[in-house]
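Colleague: In the UniProt record's numbering, the protein residues as written are 1 to 291.
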């Protein structure tokens, strides 16, 4: 599927590994099915179709645009948190106004007054109860909206903390390195073959694209980590030794065992003294050698 002219713009977002496509025009049913089947979902807040990067999804986008631009940081979790918090507060105010209106309406009816069937007040009484019930229903809807936006705000706060936490970046780097080693092992299977058939050639090309993509992401994540740590070398599990005293979550602890990726420590002070924890190295802090 190709178009005579590019349709909209597309970007690859390194910060969250997503492809984002803004068509700039309404898609016809065939185009919509094509992109959603490939894994793209429409994000109304961005007015764009978004999907995690894969070679196939990149190829799908390239049937609509000539080039996919790279953007290193489109994400703004702090600004998003502020917007979501503001929306939650506005919804809560609307809910309060609805409840106050419902209370004011029912307050005009004497407490405990039943509907006097056949009396001249019957119609007013029923209409007042109906209006009050309608306002209470709207108040409940607005309260649910407020809860929704509050949950979105909390999610954005977590995202903001993750972006500034070196430990999160270190764990992401380890995952990417593991994925890259797996892809490189897959590539070695093609080296011993004198001739590749069509399927094997396609498999090798796909693996090479994945390797290049993971290398790009590792370069970006290492640069992010350097920014967060000020270029200070990060510790690995092998930087610790059994019997060493360290700080674990701000508490003096003793290293019991060192694994390939994590370190088991025993808490020495406080109410948790004697408890053992298995921690990643970024949560541990070396103490200066005693003089």
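Glycine is no exception: its CB is placed at the ideal position from the N, C-alpha and C atoms.
Inspect the beta-carbon positions of residue 280 and residue 156 and report whether they are closer than 8 Å.
Modeller: The count along the chain shown starts at 1 and reaches residue 280 at position 280. The count along the chain shown starts at 1 and reaches residue 156 at position 156. For residue 280 and residue 156, no; Cβs fall outside 8 Å.
Colleague: Is the beta carbon of residue 102 less than 8 Å from the beta carbon of residue 139?
Modeller: Along the chain shown, one-based indexing puts residue 102 at 102. Along the chain shown, one-based indexing puts residue 139 at 139. Going by C-beta atoms, residue 102 is nearer than 8 Å to residue 139.
Colleague: For residue 26, which of helix, strand or coil comes out of DSSP?
Modeller: In the chain shown, the residue the question calls residue 26 occupies position 26. In this structure, residue 26 counts as coil in the three-state DSSP scheme.
Colleague: Which first and last residues belong to the alpha helix (DSSP H) in which residue 119 is found?
Modeller: One-based indexing of the chain shown puts residue 119 at position 119. Element bounds for residue 119: n/a, residue is neither H nor E.
Colleague: Would residue 199 be called buried (16 or more neighbouring beta carbons within 10 Å of its own) or exposed?
Modeller: Taking the first residue of the chain shown as 1, we reach residue 199 at position 199. Classification of residue 199: exposed, given that the 10 Å Cβ count is below 16.
Colleague: What does a CB cutoff of less than 6 Å around residue 106 pick up in its chain, not counting 5 residues either side in sequence?
Modeller: For the purposes of this step, residue 106 is taken as residue 106 along the chain shown, with counting starting at 1. 132.
Colleague: Do the region 19-31 and the region 43-57 meet, that is, are 3 or more Cβ pairs less than 8 Å apart?
Modeller: Result yes; three or more Cβ-Cβ pairs closer than 8 Å.
Colleague: Please classify residue 46 as buried or exposed, where buried requires at least 16 other C-beta atoms within 10 Å of its C-beta.
Modeller: Indexing the chain shown from 1 puts residue 46 at position 46. Exposed, since its Cβ has fewer than 16 Cβ neighbours within 10 Å.
Colleague: Report back the beta-carbon spacing between residue 81 and residue 146 to the nearest angstrom; my notes put them in contact at under 8 Å.
Modeller: Reading the chain shown from its first residue, position 81 is the one you call residue 81. Reading the chain shown from its first residue, position 146 is the one you call residue 146. Residue 81 to residue 146, Cβ: 15 Å. No contact.
Colleague: Using C-beta distances below 6 Å, list every residue in its chain close to residue 293, excluding the 5 sequence neighbours before and after it, in chain order.
Modeller: In the structure as shown, the chain begins at 1 and stops at 291. Residue 293 is therefore absent and cannot be evaluated.
Colleague: From which residue to which residue does the alpha helix (DSSP H) around residue 255 run?
Modeller: Numbered from 1 along the chain shown, position 255 holds the residue referred to as residue 255. That residue, residue 255, is in no alpha helix (DSSP H); its beta strand (DSSP E) goes 251-258.
Colleague: How is the beta strand (DSSP E) around residue 272 delimited, first residue to last?
Modeller: The count along the chain shown starts at 1 and reaches residue 272 at position 272. Neither: residue 272 is in no beta strand (DSSP E) and is coded neither H nor E.
Colleague: Need the endpoints of the alpha helix (DSSP H) that residue 237 sits in, please.
Modeller: To locate residue 237, count along the chain shown from 1; it is residue 237. Unbroken run through residue 237: none, as it is neither H nor E.
Colleague: Does DSSP classify residue 63 as helix, strand or coil?
Modeller: Position 63 of the chain shown holds residue 63. DSSP places residue 63 in coil when its eight states are reduced to three.
Colleague: Quick check: residue 228 and residue 207, are their CB atoms within less than 8 Å of each other?
Modeller: Residue mapping note: residue 228 aligns to position 228 of the chain shown, counting from 1. Residue mapping note: residue 207 aligns to position 207 of the chain shown, counting from 1. The answer is no: Cβ separation not under 8 Å.
Colleague: State the DSSP-derived secondary structure class of residue 225, mapped to helix, strand or coil.
Modeller: Here residue 225 is taken as the residue at index 225 of the chain shown, counted from 1. If DSSP states are grouped into helix, strand and coil, residue 225 belongs with the helices.
Colleague: Where does residue 149 sit, in a helix, a strand or coil, going by DSSP?
Modeller: Here the question's residue 149 lines up with position 149 in the chain shown. DSSP, reduced to helix, strand and coil, places residue 149 within a helical segment of the structure shown.
Colleague: Can you give the Cα-Cα distance for residue 167 and residue 24, rounded to whole angstroms?
Modeller: On the chain shown, residue 167 is found 167 positions in, with the first residue counted as 1. On the chain shown, residue 24 is found 24 positions in, with the first residue counted as 1. If you take the alpha carbons of residue 167 and residue 24, they lie about 39 Å apart.
Colleague: What are the boundary residues of the alpha helix (DSSP H) that residue 84 is part of?
Modeller: As a first step, residue 84 is located in the chain shown; it is residue number 84 there, counting from the start. 77-107 is the extent of the alpha helix (DSSP H) around residue 84.
Colleague: Just the C-alpha distance for residue 169 and residue 176, rounded to the nearest angstrom, thanks.
Modeller: One-based indexing of the chain shown puts residue 169 at position 169. One-based indexing of the chain shown puts residue 176 at position 176. Here the alpha carbons of residue 176 and residue 169 stand approximately 10 Å from one another.
Colleague: How far does the alpha helix (DSSP H) with residue 170 in it reach, from first residue to last?
Modeller: The sequence position of residue 170 within the chain shown is 170, counting from 1. Taken as a continuous stretch (DSSP letters only), the alpha helix (DSSP H) holding residue 170 covers 166-188.
Colleague: Have a look at the DSSP bridge pairing and note the partners of residue 49.
Modeller: Along the chain shown, read from residue 1 onward, the residue named residue 49 stands at position 49. Assignment of beta-bridge partners to residue 49 by DSSP yields 21 and 42.
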